[in-house]
Amino acid sequence: MKVKIHTLFQYLLETTDADPQAIVGFSLSGSPVLGDFLDDLDPNQSLDWNNRDFRGLPELRDHVLAQAGLTGVCAPADVLITAGAAEANYLAIMQLLQPDDEIVIETPGWPQAEVLAKAIGAKVVKVERQESEGWCLPLDRVADAVTARTKMIFITNPNNPTGDLLGRAELEELVRIADRVGAWLLVDEVYAGLEWDGPRGPSVAGMYACGITTGSVSKALGLQGLRTGWLICPDPGLVMDAVILRENASEIMNIMGEVIAEVALRPARFTKAMDKARREGKENLAQMNAWVDAQDGLSWVSPRAGLIGLARLPDEIDSDVFAKRLLAAPYRTFLLPGSAYDQPHHIRLGVGGGAAVNLQDGLTQVEKCLKDWNNTP
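Read in the working numbering, the sequence shown has 146 at position 146, and its numbers run on one by one without any break.
Encoded structure:
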């Protein structure tokens, strides 16, 4: 099995040394600093593993269930702490999919499942979200895509990268579709909690015996560098399979990631941090919406949740060419081309990072690049 590089990661690798002066597209909330946690850390903390449970600190797993609304619905034993949601997705997909199995995925969507499924030799069946339909997940087409050979359905909710949001009724319908053939339903929730006009969506691990919820502290809390996430599933066999695979990969969680994440998810602190993330995200989103509306030839479906969305470029502009020109002098501004999500005429815009990102500086450069493009013979 060989895992091949995806377009998204390829672009990030190629632009790492570009040293942009502005970034448009922050995909996570403003990041705290270590000093914010020092008063709650024990200087005598051992840097060995937690010495208590291979699934992660028990109190951290309790917090994970609480933030997902699963306290009393799922048990702490249903939670495995992982190196971000990416490892959680990896552990589930690698243990459940076999060659010639089918996996149904959304597009645009987080590309990890497709990359891993192809490496395994599974068949990837894509269901397209249409911009003309507001990027909504077409549940009728999901149902049509599921067959007796479907082993897994993989989606993100809120959707990464469009910001669309499935509510309880839609998730219940997805459960019915999956249950019809006994398929696993894996829902990546890295942007959960950043819903702009309604409550946090329910977690599928509390709705379906074969439901898998993954998430992390990376996006909403801005703690990407901790590499701390989770997998929640009521099936004890799947959780143990994930523990076994991780034992042969990263082996155990990093203790500082566990300890700091536990502090960050303590209810009072978590509530305050999420309130701040939502407030700053809403402010940047309002600014982004006004800016997009003012641009000739640029449009987008404003995200209903999360910190990123896809904006459509004028028809004659290719996103790869535009992103590379924008990164060069005189603009020196980074954004991710939509080709990373199989959308070559879109660019990814982000409203994360809080006030510190100086969003307007980046938007000014994008606007200049668009105007110069239109004025170039």
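For every residue, glycine included, the Cβ atom is placed at its ideal position computed from N, Cα and C. All figures in this text were calculated on a predicted structure; none of them were measured in a lab.
**Item:** Length of the line joining the Cα atoms of cysteine 74 and leucine 313
**Value:** Straight-line Cα distance between these residues: approximately 44 Å.
**Reference methionine 207, options Leu70, Phe37 and Pro330, closest by Cα** = Closest option to methionine 207, Cα to Cα, is Leu70.
**Item:** Opening and closing residue of the beta strand (DSSP E) in which glutamate 106 lies
**Value:** Glutamate 106 -> beta strand (DSSP E) spans 102-107.
**Asked** Who are the near neighbours of histidine 6 in its chain, counting only those whose CB is closer than 7 Å to its CB and skipping five residues on each side?
**Response** Once the five neighbours on either side are set aside, the close Cβ partners of histidine 6 are Pro111 and Val115.
**Asked** How many Å lie between tyrosine 90 and proline 161 at the Cα?
**Response** Between the C-alpha atoms of tyrosine 90 and proline 161 there is a straight-line separation of about 19 Å.
**Asked** Taking the DSSP output, what are the residues bridged to histidine 346?
**Response** Beta-bridge pairing links histidine 346 to Arg312.
**Asked** In whole angstroms, what is the alpha-carbon distance linking threonine 364 and phenylalanine 322?
**Response** Answer to the nearest angstrom: the Cα atoms are 15 Å apart.
**Prompt:** Just how far apart, CA to CA, sit serine 203 and alanine 169?
**Reply:** Distance between serine 203 and alanine 169, taken at the CA atoms: about 12 Å.
**Message:** Rounding to the nearest angstrom, what Cα-Cα distance links threonine 15 and aspartate 361 in this structure?
**Reply:** Rounded to the nearest angstrom, the two C-alpha atoms are 20 Å apart.
**Asked** Quick one: Cα of leucine 245 to Cα of aspartate 293, how far?
**Response** When rounded, the distance between both Cα atoms is 48 Å.
**Request:** With DSSP collapsed to three states, give me the class of valine 357.
**Result:** Taken through DSSP and simplified to helix, strand or coil, valine 357 comes out as helix.
**Prompt:** With burial defined as no fewer than 16 other Cβ atoms inside 10 Å of the residue's Cβ, what is the status of asparagine 284: buried or exposed?
**Reply:** That one is buried.
**glutamate 128: first and last residue of the uninterrupted alpha helix (DSSP H) it sits in** = Note, glutamate 128: premise wrong, no alpha helix (DSSP H); beta strand (DSSP E) at 123-128.
**Request:** Consult DSSP for alanine 18 and reduce its assignment to one of helix, strand or coil.
**Result:** The answer is coil: DSSP assigns alanine 18 none of H, G, I, E or B.
**Request:** With DSSP as the reference, label threonine 162 as helix, strand or coil.
**Result:** Threonine 162 falls in the coil class under three-state DSSP.
**Request:** Can you grab the Cα-Cα spacing for the pair leucine 174 / aspartate 140, in whole Å?
**Result:** Across the structure, leucine 174 and aspartate 140 are spaced so that their CA atoms are roughly 10 Å apart.
**Request:** Grab me the residues of aspartate 100's own chain with a C-beta within less than 8 Å of its C-beta, minus the 5 sequence neighbours each way, in chain order.
**Result:** Only Gly121, Ala122, Lys123 and Arg149 meet the Cβ criterion.
**Request:** Measure the alpha-carbon distance for glutamate 102 versus alanine 117 and round it to whole angstroms.
**Result:** Approximately 9 Å, taken between the alpha carbons.
**Asked** Name the DSSP beta bridge partners of tryptophan 230, please?
**Response** Assignment of beta-bridge partners to tryptophan 230 by DSSP yields Ile81 and Gly215.
**Message:** With a threshold of 8 Å on Cβ separation, who are the neighbours of asparagine 358 within its own chain once the five nearest residues in sequence on each side are excluded?
**Reply:** The answer, listed in chain order, is Ala22.
**Asked** So what does leucine 186 bridge to, in DSSP terms?
**Response** Beta-bridge pairing links leucine 186 to Phe154 and Ile212.
**Request:** Report the three-state DSSP secondary structure of tryptophan 300 (helix, strand or coil).
**Result:** Looking at tryptophan 300 - three-state DSSP - the assignment turns out to be strand.
**Prompt:** Anyone know if the C-beta pair for alanine 277 and alanine 220 falls short of 8 Å?
**Reply:** Yes, the pair counts as a contact, with Cβ atoms nearer than the cut-off.
**Asked** Is it true that the segment 80-89 meets the segment 41-57, where meeting means three or more beta-carbon pairs spaced less than 8 Å apart?
**Response** Flag = yes, the segment 80-89 and the segment 41-57 touch.
**Asked** alpha helix (DSSP H) containing arginine 279: first to last residue?
**Response** Per DSSP, the continuous alpha helix (DSSP H) segment holding arginine 279 begins and ends at 267-293.
**Prompt:** Since aspartate 144 is in the alpha helix (DSSP H), which residue starts that stretch and which ends it?
**Reply:** Residues 139-145.
**Item:** Length of the line joining the Cα atoms of cysteine 210 and isoleucine 93
**Value:** Going from the Cα of cysteine 210 to the Cα of isoleucine 93 covers about 13 Å.
**Asked** When the Cα atoms are used, what is the spatial distance from methionine 288 to glutamate 316?
**Response** C-alpha of methionine 288 to C-alpha of glutamate 316: approximately 23 Å in a straight line.
**Asked** Are the beta-carbon atoms belonging to glycine 201 and leucine 223 less than 8 Å from one another?
**Response** The answer is no: Cβ separation not under 8 Å.
**Message:** Rounded to whole angstroms, what is the Cα-Cα separation between aspartate 342 and arginine 52?
**Reply:** Between the C-alpha atoms of aspartate 342 and arginine 52 there is a straight-line separation of about 44 Å.
**Prompt:** Is it a yes or a no for the segment 327-342 touching the segment 231-249, going by three-plus beta-carbon pairs under 8 Å?
**Reply:** The segment 327-342 is not in contact with the segment 231-249.
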